[in-house]
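Numbering (the numbering used here), first residue to last: 460 to 793.
Glycine residues also receive a C-beta, built at the ideal position from the N, C-alpha and C atoms.
Below you'll find the structure, written out as structure tokens, and then a few comments.
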């Protein structure tokens, strides 16, 4: 009697693109923990350039202006590379159809804008660490502003892309039974992701506001607490971005191990033509009543999309007829 091999419920390629933001997370949180631990082990010192004002905890910038400045610079720069790299990788995966492709012609533009602002913001945090608060106080504060503004706009455009995915579920890949979970338009994972990101942004804005208010009032203890809070909260964003990239690792595994699944994914043979691959592999839309034997049929791109059909309802469509977001025509004018 033969027994079917048991496989884990969640199968994915372990080393894949989703680890990029997690590398940034480990470096960033590791730096914060190391700086806070060193300050604690040194006996909670109050530094001379602070005017010997009794304060607990001190600001991150104060610790970064001491002998830990090399740690601050190296970790800030390292995580900056992976922060921007995360957004670049998402853009690549979606345009290469290794992740849910963009469903609007505006989404790639928003993604590029997000990358540009992220680069500006991350240059800001790098200069924050280089121009320390002791020797270059005004430049230091200016770069903090650049960092905050750059990250805000990077998040704004990235989050808006999540909203577009969630607000137009009928444009998603047919292979998304686990993405859409209800009849309501917003009953999908992308909209949940959007609301979680909005919550993150609102909390970050509240922490930043309290940080500034307490600093203005001269309550450095409370101000520093919120600075440390928002710095650790920053890492939660990287976790959410890692989750955004995770489906690519699952898809990579499924495409290369089709024998473990229900033929939903077809392994790619480098010698076969593009039009022999299933729509679910590319993540392009499947159109109802489309006749693959008659690709010249008029107005087939204006037909309804099969949004929740099981794998058995998928049809094969010549890939060049459905060239990603650029040829969605009437569907993608968001």
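Top-ranked residue by Cα proximity to residue i, from the options
i           : options               : result
residue 707 : 696, 589 and 549      : 549
residue 687 : 477, 483, 475 and 494 : 494
residue 631 : 642, 649, 641 and 615 : 649
residue 697 : 473, 537, 569 and 482 : 482
residue 516 : 555, 644, 682 and 646 : 682
residue 564 : 558, 620 and 573      : 620
residue 613 : 647, 546 and 655      : 546
residue 569 : 624, 690 and 701      : 624
residue 709 : 640, 656, 558 and 684 : 558
residue 537 : 573, 528, 523 and 581 : 581
residue 519 : 638, 641 and 491      : 491
residue 655 : 700, 640, 677 and 643 : 700
Reduced DSSP secondary structure (H/G/I, E/B, other) of residue i
i           : result
residue 474 : coil
residue 526 : coil
residue 620 : helix
residue 647 : strand
residue 749 : The predicted model places residue 749 with a pLDDT of 39, which falls under 50 and marks its position as unreliable; any figure quoted below should be read in that light. In this structure, residue 749 counts as coil in the three-state DSSP scheme.
Span separating the alpha-carbon of residue i from that of residue j
i           : j           : result
residue 679 : residue 503 : 15 angstroms
residue 499 : residue 509 : 17 angstroms
residue 661 : residue 476 : 28 angstroms
residue 693 : residue 618 : 15 angstroms
residue 653 : residue 521 : 35 angstroms
residue 526 : residue 601 : 23 angstroms
residue 758 : residue 684 : Only weak support exists for where residue 758 lies, its pLDDT of 42 falling under 50; the value from the coordinates is given anyway. Each residue's Cα considered, the two are about 60 angstroms apart.
residue 478 : residue 675 : 39 angstroms
residue 556 : residue 567 : 13 angstroms
residue 571 : residue 496 : 38 angstroms
residue 590 : residue 647 : 45 angstroms
residue 588 : residue 596 : 11 angstroms
residue 628 : residue 609 : 30 angstroms
residue 583 : residue 606 : 4 angstroms
residue 690 : residue 507 : 24 angstroms
residue 669 : residue 663 : 10 angstroms
Buried/exposed call for residue i, threshold 16 Cβ in 10 Å
i           : result
residue 604 : exposed
residue 480 : buried
residue 672 : exposed
residue 703 : buried
residue 592 : buried
residue 473 : exposed
residue 643 : exposed
Q.
With three or more beta-carbon pairs closer than 8 angstroms as the criterion, would you say the region 537-553 touches the region 569-581?
A. Counting C-beta pairs with one atom in each stretch, the region 537-553 and the region 569-581 have three or more that are closer than 8 angstroms, which means they touch.
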